[in-house]
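Just below is one structure, and these are the notes that go with it.
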Amino acid sequence: MEIMETDEPDKGDMLESPKSTANAAKSSSSNNMCLPPCRICGEKASGFHYGVNTCEACKGFFRRSLKKKGKYKCFDNQDCKIGPGKRNGCPHCRYEKCLAVGMSKEAIKTGRYTHKKRTQDILEIKKLQGFTDKCILDNLRDDTTSVDSPGSIKDICLESEDPLLSENDNLRLLSDIAIDADLFARDCNTSPASSTSTLEFCSKFSPGKKEIFLDPDKLEEIIQRLTVIHSEHVQCFSAMDYKEVEEKTTEYYEKYKLKTEVFGKLSLLSMEQYKDFYDITGIDIDDRQPKCLQMATTMERCIRRLIAFAKSIPGFTDLSIEDQSNLLKASRFEFFFLGFYRGYNNKIKTVISPAGNCMYYEEVQNVINGDFILKCFKFADSLKKLDLQYDETVILKAIVLLFRDRCELENPDKVEELQWPLVQCLIYLVKKNHPDQPNFFGKIMDRLMEIRTISEENCVVMKHLLLIPAIQKNPLLLEFMSF
Numbered sequence: 001m002e003i004m005e006t007d008e009p010d011k012g013d014m015l016e017s018p019k020s021t022a023n024a025a026k027s028s029s030s031n032n033m034c035l036p037p038c039r040i041c042g043e044k045a046s047g048f049h050y051g052v053n054t055c056e057a058c059k060g061f062f063r064r065s066l067k068k069k070g071k072y073k074c075f076d077n078q079d080c081k082i083g084p085g086k087r088n089g090c091p092h093c094r095y096e097k098c099l100a101v102g103m104s105k106e107a108i109k110t111g112r113y114t115h116k117k118r119t120q121d122i123l124e125i126k127k128l129q130g131f132t133d134k135c136i137l138d139n140l141r142d143d144t145t146s147v148d149s150p151g152s153i154k155d156i157c158l159e160s161e162d163p164l165l166s167e168n169d170n171l172r173l174l175s176d177i178a179i180d181a182d183l184f185a186r187d188c189n190t191s192p193a194s195s196t197s198t199l200e201f202c203s204k205f206s207p208g209k210k211e212i213f214l215d216p217d218k219l220e221e222i223i224q225r226l227t228v229i230h231s232e233h234v235q236c237f238s239a240m241d242y243k244e245v246e247e248k249t250t251e252y253y254e255k256y257k258l259k260t261e262v263f264g265k266l267s268l269l270s271m272e273q274y275k276d277f278y279d280i281t282g283i284d285i286d287d288r289q290p291k292c293l294q295m296a297t298t299m300e301r302c303i304r305r306l307i308a309f310a311k312s313i314p315g316f317t318d319l320s321i322e323d324q325s326n327l328l329k330a331s332r333f334e335f336f337f338l339g340f341y342r343g344y345n346n347k348i349k350t351v352i353s354p355a356g357n358c359m360y361y362e363e364v365q366n367v368i369n370g371d372f373i374l375k376c377f378k379f380a381d382s383l384k385k386l387d388l389q390y391d392e393t394v395i396l397k398a399i400v401l402l403f404r405d406r407c408e409l410e411n412p413d414k415v416e417e418l419q420w421p422l423v424q425c426l427i428y429l430v431k432k433n434h435p436d437q438p439n440f441f442g443k444i445m446d447r448l449m450e451i452r453t454i455s456e457e458n459c460v461v462m463k464h465l466l467l468i469p470a471i472q473k474n475p476l477l478l479e480f481m482s483f
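Each residue of the sequence shown is one higher than the one before, counting from 1 in full-length UniProt numbering.
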């Protein structure tokens, strides 16, 4: 079976219409291929285009976007829902999703539809069979929530099961997925520079006395499943171009510096000072309330996405609700930082969020400890030097959710059992993606140790953010940040 991909424009290079969509569907049907839904809009895919399974409409949209160099503007919050029947609403967010799932001009392939790729697609199709769009939407209803929405982390964990992995799938994926303990120990010790503390940290992943062995096919299956869920539902910078980050942060930094030259430094009141003034006068002295409200809304979306991703980890929903809740709260900083670190520009101390909002560190150092912010910039630099692949980042984020020593747990052994296959996935990816870097796994362990330290400082920062009224009024945020 072959899928040919060319750069010829769509007929007339027109925007998609019901007629063109119907023709695309007909063409797709004629190919008689077993393909997962389009990674962009969720509708029927027609082939492997620009490195991703997409429909004809999204392929044509991306081709046109390359010609326009993606010069679109979002008129909402740069977080528009792109899904079945909703792909034409916002070209900016649609284009960003194309990039996030891995579409690029360099990824164009002309030739055979490989057996490996075909097998992955068939496995995904089988997983999707028997589950409805409604189930997915119920589990991932993050874009429709309001800041005042009721509920807690436990409530969300109790919502519908993960849409793409059934209980039988979880058990099957967990069975016989292992790696020889000697091989793991050897990987942990590959770095000559690894300190004793790093090796002790590696021992947290030890499978103990279990007789275990590697099954690469099952590891590939876990990796494929988690990367699909992550790319579709978790907002992060894993696929963002460093050059784009530098351009946008530099542009903001220059505007900020120009403003301070004209008006002087406009430092913010500390949270304590602001709260005292607001409680006495009722005056929002620096127009902080709307910004905080927007921040709270964004934070709630991020939390719901974190929970949805965690529930896609094989076996996570088999844990008690108490353990699920505690693990999510304990790992919040690591999970989000591993998704956002690419947005930090340490040269000019400016950061950009996935939504495109920039901030110079001096603007918030009275609200958030300045030393803590600088540590985040420095650590982001060290992570960038690793140049982690997208799938490695996803698996690493799954691993940090399952450390048994982070919080009080009812069944820590079960948590360790769930983490072990993910560690094997990471080792497998490191060997595949970095065959010429024998100490790469040790470097990742070093970073995990460092982020632990920063995470502990983040707990102090969270206490200051709890003074924000918009957070105090949101039960989900209040619970999540009070850990």
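Don't be surprised by glycine CBs; every beta carbon is placed ideally from N, CA and C.
Assignment of His434 by DSSP, reduced to helix, strand and coil, places it in the coil class. By the C-beta density criterion, Asn326 is buried, having at least 16 other C-beta atoms within 10 angstroms. In the structure shown, the three-state DSSP call for Tyr50 is coil. Residue range Thr350 to Ile352 is occupied by the beta strand (DSSP E) that includes Ile352. Under DSSP, Cys358 shares a beta bridge with Ile352.
When DSSP reads this structure, Asn411 sits in no beta bridge, so it has no partner. When DSSP states are grouped into helix, strand and coil, Tyr344 belongs to the strand group. In the three-state reduction of the DSSP assignment, Leu402 falls in the coil class. In the DSSP annotation of this structure, Tyr72 is not part of any alpha helix (DSSP H), being labelled neither H nor E. Judged by their CB atoms, Ile395 and Leu422 are nearer to each other than the 8 Å cut-off.
If you ignore the 5 residues before and after Leu402, its C-beta comes within less than 6 Å of the C-beta of Val415, Leu418 and Gln419, all in its own chain and listed in chain order. When secondary structure is reduced to three states using DSSP, Arg94 falls in the helix class. Cβ-Cβ distances below 6 Å link Arg404 to Pro412, Val415 and Glu416 in the same chain, with the five nearest sequence neighbours on each side left out; the list follows chain order. About 11 Å separates the beta carbons of Asn458 and Phe379, which is beyond the 8 Å limit, so they are not a contact pair.
In this structure, Leu374 lies away from Phe335, with their beta-carbon atoms at least 8 Å apart. Here Asp241 is exposed, its C-beta having fewer than 16 other C-beta atoms within 10 Å.
Only exposed fits Thr453, as fewer than 16 other CB atoms lie within 10 angstroms of its CB. Residue environment: Ile283 is assigned as exposed (fewer than 16 neighbouring CB atoms within 10 Å of its CB, all protein chains considered). By the neighbour-count definition (other C-beta atoms within 10 Å, threshold 16), Pro435 is an exposed residue. The DSSP-derived three-state label of Cys425 is helix.
A direct Cα-to-Cα measurement between Met271 and Phe480 gives close to 19 Å. Contact between Leu219 and Tyr390 does not hold, since the beta-carbon distance rounds to 16 Å and is not under 8 Å. Look at Asn77 here: in three-state DSSP terms it is coil, with no helix or strand label. When rounded, the separation of the alpha-carbon atoms in Ile399 and Ala308 is 15 Å. Thr317 and Thr249 do not touch by the CB rule: their CB atoms are close to 38 Å apart, not below 8 Å. Under the DSSP assignment, Thr227 falls in the alpha helix (DSSP H) whose first and last residues are Pro216 to His233.
Membership of Thr298 in the alpha helix (DSSP H) is indicated by the continuous run Arg288 to Ala310. With 16 or more other CB atoms across the displayed protein chains lying within 10 angstroms of its CB, Ile471 is buried. Taking the Cα positions, Leu293 is about 11 Å away from Glu300. Cβ-Cβ distances below 7 Å link Asp279 to nothing in the same chain once the five nearest sequence neighbours on each side are left out. Inclusion of Cys80 and Cys58 in the CB contact set at 8 Å is not warranted, their separation being larger than that value. Collapsing the DSSP output to three states places Arg63 in a helix.
Around the CB of Ser482, fewer than 16 other CB atoms lie within 10 Å, so the residue is classed as exposed. Taking C-beta separations shorter than 7 Å and ignoring five residues to either side along the sequence, the partners of Gly89 in its chain run Cys80, following chain order.
Between the C-alpha atoms of Ile156 and Ile223 there is a straight-line separation of about 24 Å.
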